[in-house]
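Asks: Using the numbering used here, the letters of the sequence shown correspond one by one to residues 2 to 345.
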Amino acid sequence: MNPVPAVPADRLPALLAAMPKAELHIHIEGSLEPELIFRLAQRNGVALPYADVDALRRAYAFTNLQSFLDIYYAGASVLLHAQDFYEMAWAYLLRASEDNVVRAEIFFDPQTHTARGVSMETMLDGLHRACRDAKKIGVDAELILCFLRHLSEEEAFETLEQALPYRDKFIGVGLDSSELGHPPEKFARVFAKCRQLGLHLVAHAGEEGPPAYVWSALDILKVERIDHGVQSAKDLSLMRRLAQSRIPLTVCPLSNLKLCVFPKLEMHNLRVLLDAGLVATINSDDPAYFGGYMNDNFLQTFAATGLDSRYAYQLARNSFEGSFAEPAAKQRYIERLDAVFADA
Ligand code: ADE
Ligand code: ZN
């Protein structure tokens, strides 16, 4: 593991909260809190199929990924103007900075919005402005455009076309939405095109789907990170491949719990992934829906699984090493992490 001395268990929660960290798996539409959904619905005259904030929150009883996605897309329907996208992203970035997130690589789902007549320009105007302003609160924020895998590859190509005039406003592309029945290879050509364009590549794989989907994300899409990837533990040769290639996994423990990927947080396999030498990280996925932002994910996962401070250091370090930051910035983040552990 790493050379960091163990910190007494009673000081671990404060250390988990204080350590600088990168968030590499956050869907900005999944940071929309019910209060903001209702405020935007009222401001924009959008009707919602829920009477009030409490009724909406009561609907957050998910049984699998699809049961969540249905509500998540309904929540995103209140976003119409650049200012709406700005307020959503700014609220997330403020909350992330409270959790000592110093770098955030933020997913957005353009097809959820273009399907409702919201232009790529509108959403990127608001989202990118929030990312730029985040510097003032100590967060380096970048955007990653996700293709919805339940739609066709042709529609992904159309989305890429719409985004290319704003190429300077996002650093990469990802693949999200309903995993089962939509394997990565469905998007082989559009990912090849994005690779030619010099975009970073990531994909959700092995959240609910089998190890075969992780293999094809690696070998066919040629992604640089796997989002989730927890099902990889079912395939030892895949585990060896992930460890040897140092392809990071952006694991989201509270998401996995709420979407019933694991029946209890105590049964999460994060320790198995780390002990096998994988570059695993902790992330919040859709924090407004899954009951916790970054530090909630760290605190609850450590409390449930008994991981110690050496794992905390490794996870934070992995988050910086697995980020798409420039090497000099990575080095600075890791020096700040080391300083926090030296004082612990
Ligand atoms: N979109 C938002 N959250 C997601 C998740 N956990 N899996 C797939 N698509 C998503
Ligand atoms: Zn996700």
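The beta carbon of each residue, even a glycine, is placed where N, CA and C say it ideally should be.
1. Please report the distance separating the alpha-carbon of Tyr51 from that of Ala60.
2. What do you get for Lys137, buried or exposed, if any count of 16 or more other CB atoms within 10 angstroms of its CB means buried?
3. Anyone know if the C-beta pair for Ser233 and Met240 falls short of 9 Å?
4. Should Asp286 be listed as close to the ligand ZN, given that the test is whether its C-beta is under 8 Å from any heavy atom?
5. Whole angstroms is fine: what's the gap from Ala329's alpha carbon to His26's?
6. Please classify Gln43 as buried or exposed, where buried requires at least 16 neighbouring CB atoms within 10 angstroms.
7. Taking buried to mean at least 16 other C-beta atoms within 10 Å of its own C-beta, is Ala131 buried or exposed?
8. Comparing C-alpha positions only, which one of Asn101, Asp71 and Pro35 sits nearest to Ala15?
9. For a test of the three-state rule: what should DSSP assign to Val341, helix, strand or coil?
10. Please list the terminal residues of the continuous alpha helix (DSSP H) segment that includes His114.
11. From the DSSP output, which residues share a beta bridge with Arg104?
12. Is the distance from the Cβ of Leu66 to the Cβ of Glu209 below 9 Å?
13. Using a Cβ-based criterion (distance less than 8 Å to any ligand heavy atom), does Asp71 qualify as near the ligand ADE?
14. Taking one C-beta from the stretch 143-151 and one from the stretch 104-113 each time, how about it: are there three or more such pairs within less than 8 Å?
15. Under 9 Å between the Cβ atoms of Ser68 and Asp287?
16. Using CA atoms only, rank isn't needed, just tell me which of Ser153, Leu144 and Ser178 is closest to Ala164.
17. Just to confirm the assignment, what range does the alpha helix (DSSP H) spanning Leu70 have?
18. Which whole-angstrom value is the C-beta distance of Ser78 and Arg117, which I expect to be below 8 Å?
19. Sorry if obvious, but does the Cβ on His151 come closer than 8 Å to a heavy atom of the ligand ZN?
20. Name the two residues that bound the continuous beta strand (DSSP E) containing Val203.
21. Throw me the rounded Cβ distance for the Arg190 and Glu159 pair, which I believe falls under 8 Å.
22. Evaluate Lys170 with the Cβ neighbour count: other Cβ atoms within 10 Å of its Cβ, from every protein chain shown; 16 or more gives buried, anything less gives exposed.
23. Find out if the Cβ-Cβ distance for the pair Tyr167, His129 is shorter than 9 Å.
24. Closer than 6 Å by C-beta to Gly182: which residues in its own chain qualify, once you throw out the five before and the five after it? Chain order, please.
Replies: Checking against the coordinates, here is how it stands:
1. Taking the first residue of the sequence shown as 1, we reach residue 51 at position 50. Taking the first residue of the sequence shown as 1, we reach residue 60 at position 59. Computed Cα separation, rounded: 9 Å.
2. Taking the sequence shown and counting its residues from 1, one reaches residue 137 at position 136. By the neighbour-count rule (16 or more Cβ atoms within 10 Å), Lys137 is not buried but exposed.
3. Locating residue 233 in the sequence shown gives position 232, counting from the first residue. Locating residue 240 in the sequence shown gives position 239, counting from the first residue. In this structure, Met240 lies closer than 9 Å to Ser233 by Cβ.
4. Residue mapping note: residue 286 aligns to position 285 of the sequence shown, counting from 1. Correct: Asp286 has its Cβ closer than 8 Å to the ligand ZN.
5. Walking along the sequence shown from the start, residue 329 turns up at place 328. Walking along the sequence shown from the start, residue 26 turns up at place 25. Answer to the nearest angstrom: the Cα atoms are 22 Å apart.
6. Walking along the sequence shown from the start, residue 43 turns up at place 42. Exposed, since its Cβ has fewer than 16 Cβ neighbours within 10 Å.
7. As a first step, residue 131 must be located in the sequence shown, where it is residue number 130. Buried is the call here.
8. Stepping through the sequence shown from its first residue, residue 15 is reached at position 14. Cα-wise, what sits closest to Ala15 is Asn101.
9. Position 340 of the sequence shown, counted from the first residue, corresponds to residue 341. Correct three-state label for Val341: helix.
10. As a first step, residue 114 is located in the sequence shown; it is residue number 113 there, counting from the start. Where His114 is concerned, the enclosing alpha helix (DSSP H) stretches over Pro111 to Thr115.
11. Counting from one through the sequence shown, the residue named residue 104 turns up at place 103. DSSP output for Arg104 lists Ala23 and Asp141 as bridge partner(s).
12. If you number the sequence shown from 1, residue 66 lands on position 65. If you number the sequence shown from 1, residue 209 lands on position 208. Contact: yes.
13. Within the sequence shown, the letter at position 70 stands for residue 71. It does not: the Cβ of Asp71 is nowhere closer than 8 Å to a heavy atom of the ligand ADE.
14. yes
15. Working through the sequence shown from its first residue, we reach residue 68 at position 67. Working through the sequence shown from its first residue, we reach residue 287 at position 286. No, the pair does not count as a contact, with Cβ atoms beyond the cut-off.
16. The sequence position of residue 164 within the sequence shown is 163, counting from 1. The option with the nearest alpha carbon to Ala164 is Leu144.
17. Within the sequence shown, the letter at position 69 stands for residue 70. Start and end: Leu66 to Ala77.
18. Position 77 of the sequence shown holds residue 78. Position 116 of the sequence shown holds residue 117. So it is a contact: roughly 7 Å between Cβ atoms.
19. For this step, residue 151 is matched to residue 150 along the sequence shown. No.
20. Position 202 of the sequence shown, counting from 1, holds the residue named residue 203. Where Val203 is concerned, the enclosing beta strand (DSSP E) stretches over His201 to Ala206.
21. As a first step, residue 190 is located in the sequence shown; it is residue number 189 there, counting from the start. As a first step, residue 159 is located in the sequence shown; it is residue number 158 there, counting from the start. Contact doesn't hold; Cβ gap of about 13 Å is too wide.
22. Counting from one through the sequence shown, the residue named residue 170 turns up at place 169. Around the beta carbon of Lys170, a 10 Å sphere encloses 16 or more other beta carbons of the protein chains shown; the residue is thus reported as buried.
23. Against the sequence shown, residue 167 aligns to sequence position 166. Against the sequence shown, residue 129 aligns to sequence position 128. It is a contact, given that the beta carbons lie within the stated cut-off.
24. Along the sequence shown, one-based indexing puts residue 182 at 181. Correct list: empty, nothing qualifies.
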